[in-house]
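Residue numbers (this note's numbering), protein chains in the order written: chain D, 249 to 594; chain L, 487 to 742.
Beta carbons: idealized from backbone N, C-alpha and C, even for Gly.
What you are looking at is a predicted structure, and each value in this text was computed from that prediction instead of being measured.
Here's the structure we're looking at; comments come further down.
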């Protein structure tokens, strides 16, 4: 019999490595682009912002910094949402994208873009500058609830049904989004393409003001669910016997992941695979315990998205690949390889 | 104080009546074996007592308080439940799973308790192994350790509800587990309600046997009164001889 004693790196080492990678990814992201900025420029800009050339100052503080922060937060929140949903559904295939949550959020956002001046004018007036992220949030919560309702049988979630429900939800959301493109004019169409492919290209401090607090809130509250989600790995009823309030855990998990995913999708569009791949990969390295897995996923997700975004700017420079496309191009094959190499079904 | 008092429980799921007029009382230090053929309602009764299934009629009092009045976290310190089957869906180690039962303990205390429990259950060397890679019998003992850990640091009356907790174990392991349960009952005052299939295990270790059939309790009493050829034939359709052993409990020998 194989002796599968878990080989795990200590958590502190993992966090140090991830923090180091985060710094490297940040430097890579800040120094890459049309305007030349080297590492020393970055250091100088950070230490003495007033002494820099106005153009460098503008590029650094108004273009690259918001892009870096947004990329990191988005990657973190997608990975953490994936971790939470996988824990809740007891399945490594749960992901905001796969079960239709991001699709629902994108559909809601697209609806606001296209119909914001007509059918949904009440919504736009009511919510003002929050119209888009709020709609994306509502869209993500609603789709989560639909997937949930369809897949639950006498209190437990049927995972196969859940994924099938996700496929159906994605199909419907995709069809409706397609329908909306008929109504869209040229400028709306451009925003639509942005939603469906995902991009950090328009990142601004305004975007961050709108979406950042929600993403931060989701990230900061997620660790509260670490212990109950560990118990959920043994099933809902066992979690109940261990004294956790099962309904509360379910609701909190759904709300937090919808909150984070909704806010992220609202400003970046659809970015897939981060929420699926990151927790899956990290579970092999740090183990399944959510106390370490949740923050490690957050860090790794942020690093991954920032690195991928920098790469997306480099490979076809001076143009750039949409980050959503990039993630699916890299993430899809990677995940297939991972599945083929996996020995146990967890 | 009576640990468990269930009165005239009735449970209906859909159209089928799962439990009818079930009354059961368990005192501190008692090890009660629930017996009966498949489909008799043993697991349903256990789940109802665990608060997992909402009963239609009757009442359940745990430690003198109506079951619905208990808060989950509070009850979890005094009552632990082991379901028939638990699938661990992620690569957790044995230690991590058992540690789910640790509450109010420091990490070193918790680790010490885990090592002791694993050793008592004969799986001391599995502490750092990934649970999904363990055999069925090993996983069953890991779950048992988790359930025992949950009540370990509690003082006062404690209740264990175990659904076929040794179904995947060989006879020696079964002996280890039931000796430990008996020790906990006699020395620490644990109350144990265990669904048991092996009649001789029930006879050897339990203080009381409760025989169920078709959602009702047919007999409730000592091994000598329950393990009786006529009743075994009536309930199970089992043709068996029953020998009175010099140790003081009967032994059931199925006839060829």
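Shown here for residue 431 of chain D: same chain residues with a beta carbon closer than 8 angstroms to its own, the five before and five after excluded, namely 362 and 363 in chain order.
Under the 9 angstroms criterion on CB atoms, residue 340 of chain D is classed as interfacial with respect to chain L.
For the stretch 508 to 542 of chain D, the residues whose beta carbon sits under 8 angstroms from a beta carbon of chain L are, in order, 531, 532, 535, 536 and 537. Of all alpha-carbon atoms in D:334, D:348 and D:326, the one lying nearest the alpha-carbon of residue 342 of chain D is that of D:334.
Every unbroken stretch of the beta strand (DSSP E) spanning 3 or more residues and falling wholly within the stretch 665 to 705 of chain L is given here in chain order: 676 to 681 and 694 to 699. Around residue 485 of chain D, the beta-carbon contacts reaching into chain L at under 7 angstroms are 538 and 569. In this structure, DSSP gives residue 587 of chain L a state outside helix and strand, which the three-state scheme calls coil. Secondary structure of residue 539 of chain D (DSSP, three-state): helix.
Per the DSSP secondary-structure output, residue 572 of chain D pairs with nothing in a beta bridge.
Per DSSP, residue 605 of chain L is one residue of the alpha helix (DSSP H) stretching across 593 to 606. In this model, residue 422 of chain D and residue 490 of chain D are separated by some 41 angstroms (Cα to Cα).
About 11 angstroms separates the CB atoms of residue 299 of chain D and residue 289 of chain D; that is not less than 8 angstroms, and the two are not in contact.
In the three-state DSSP reduction, residue 575 of chain L falls in the coil class, being neither helix nor strand.
Interface flag for residue 586 of chain L against chain D is set, since a Cβ pair is found closer than 9 angstroms.
Taking all protein chains shown into account, residue 287 of chain D has fewer than 16 neighbouring C-beta atoms within 10 Å of its C-beta and is therefore exposed. By the Cβ neighbour-count rule, residue 462 of chain D is buried, with 16 or more other Cβ atoms within 10 Å of its own. Between residue 509 of chain D and the set D:323, D:307 and D:292, the nearest pair of CA atoms involves D:323. Contact fails between the stretch 362 to 379 of chain D and the stretch 491 to 504 of chain D, because fewer than three Cβ pairs, one in each stretch, are under 8 angstroms apart. Judged by DSSP in its simplified three-state form, residue 562 of chain D adopts helix. By the beta-carbon neighbour count (other beta carbons within 10 angstroms, threshold 16), residue 564 of chain D is exposed.
Between residue 681 of chain L and residue 630 of chain L, the beta carbon gap of about 14 angstroms keeps them out of contact (Cβ cut-off 8 angstroms). Look at residue 478 of chain D: its C-beta is under 9 angstroms from a C-beta on chain L. Residue 592 of chain L is classed as exposed because its beta carbon has fewer than 16 other beta carbons within 10 Å across all chains shown. Annotated three-state conformation of residue 398 of chain D is helix, per DSSP.
Residue 721 of chain L is positioned such that its CB atom lies no closer than 9 angstroms to that of residue 728 of chain L. Across the stretch 489 to 502 of chain D, CB contacts with chain L closer than 7 angstroms involve 489, 490, 491, 492 and 493, in sequence order along the chain.
The beta-carbon distance between residue 576 of chain D and residue 331 of chain D, rounded to whole angstroms, is 20 angstroms. This is too long to meet the 8 angstroms contact definition. Within chain L, 574, 575, 576 and 578 have C-beta atoms less than 7 angstroms from the C-beta of residue 481 of chain D, given in sequence order. Straight-line measurement puts the Cα of residue 524 of chain L at about 19 angstroms from the Cα of residue 500 of chain L.
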